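In terms of my numbering, the sequence shown opens at residue 57 and continues consecutively.
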Amino acid sequence: MSNTNNESPKPARRGKKTEPAAATAAVDAAHTPAPLFTADIAARWRDLDAFNHVNNSNYLTYLEEARLQWLSHVPGPWFDEHSMPVMAAVQLNYRRPIEWPAQLHVELYCERIGNSSMTIAHRLVDATDAGILYCDGNVVMVWMDPTSGKPVSLPQAIRDAVG
57 MSNTNNESPK PARRGKKTEP AAATAAVDAA HTPAPLFTAD IAARWRDLDA FNHVNNSNYL
117 TYLEEARLQW LSHVPGPWFD EHSMPVMAAV QLNYRRPIEW PAQLHVELYC ERIGNSSMTI
177 AHRLVDATDA GILYCDGNVV MVWMDPTSGK PVSLPQAIRD AVG
């Protein structure tokens, strides 16, 4: 069947897109508890991509840096030769691009504590205006024995640090 007036067929109209509840902010800004830890991070010139904003992969680096800063402040042993944390899963919602120069706050929250794992929610916001949300989501960290590759109990130092 040909279109006699040379117009492209129009796609069917659809309703306005809405985000499902699970895809909304990991930590609702209106009901945000106090962060477990906040890391200050500066966007670097080398973090930019061809579109002149921070490349998406660098968001993960910022989150990793924030987790390591937090862990360095945890009193007591949180790893040893038989128990080390590994990242088991990550969920990142990109909310807006980060442009250079930018000073950032990476806020970490304890979302869940398990037997051998913890889920750390995160929000990456502008350091001068926390209402500017660049990304949110969560990371699941599992403590495991590096020799066997099997999960081990979450260290008491981590349990104590999250209250």
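No residue lacks a Cβ here, since even glycine has one placed at the ideal position from N, Cα and C. All values derive from a computational prediction rather than experimental measurement.
With distances taken between CA atoms, Arg100 lies nearest to Tyr118 out of Pro91, Met174, Tyr118, Phe135. Counting of Cβ neighbours within 10 angstroms places Phe93 among the buried residues, the total reaching 16 or more.
Taken in chain order, the whole beta strand (DSSP E) runs of length 3 or more contained in the region 125-168 are 140-150.
Tyr150 has its alpha-carbon roughly 19 Å from the corresponding atom of Arg123. For Ala177, there is no enclosing alpha helix (DSSP H); the residue is found in the beta strand (DSSP E) stretching over 173-182. Within the same chain, Cβ atoms closer than 7 Å to the Cβ of Trp134 are found at Leu127, Pro211, Ala213, Ile214, the five residues on either side in sequence being excluded. Contact between Ala217 and Asp96 fails: their C-beta atoms lie close to 19 Å from each other, not under 8 Å.
In the structure shown, the three-state DSSP call for Ala99 is coil. Pro131 places its beta carbon 9 Å or farther from that of Trp199. Distance from the CA atom of Asp201 to the CA atom of Ala144, rounded to whole angstroms, is 14 Å.
In this structure, DSSP gives Asp192 an extended state, which the three-state scheme calls strand.
Taking the Cα of Asn108 as reference, the smallest distance to any Cα among Pro157, Ser173, Leu164 is reached at Pro157. One thing to note: His178 has its Cβ no nearer than 9 Å to the Cβ of Val196. Less than 9 Å divides the Cβ of Ser209 from the Cβ of Ser139. Assignment of beta-bridge partners to Phe93 by DSSP yields Leu164. In this model, Gln125 and Leu116 are separated by some 14 Å (Cα to Cα).
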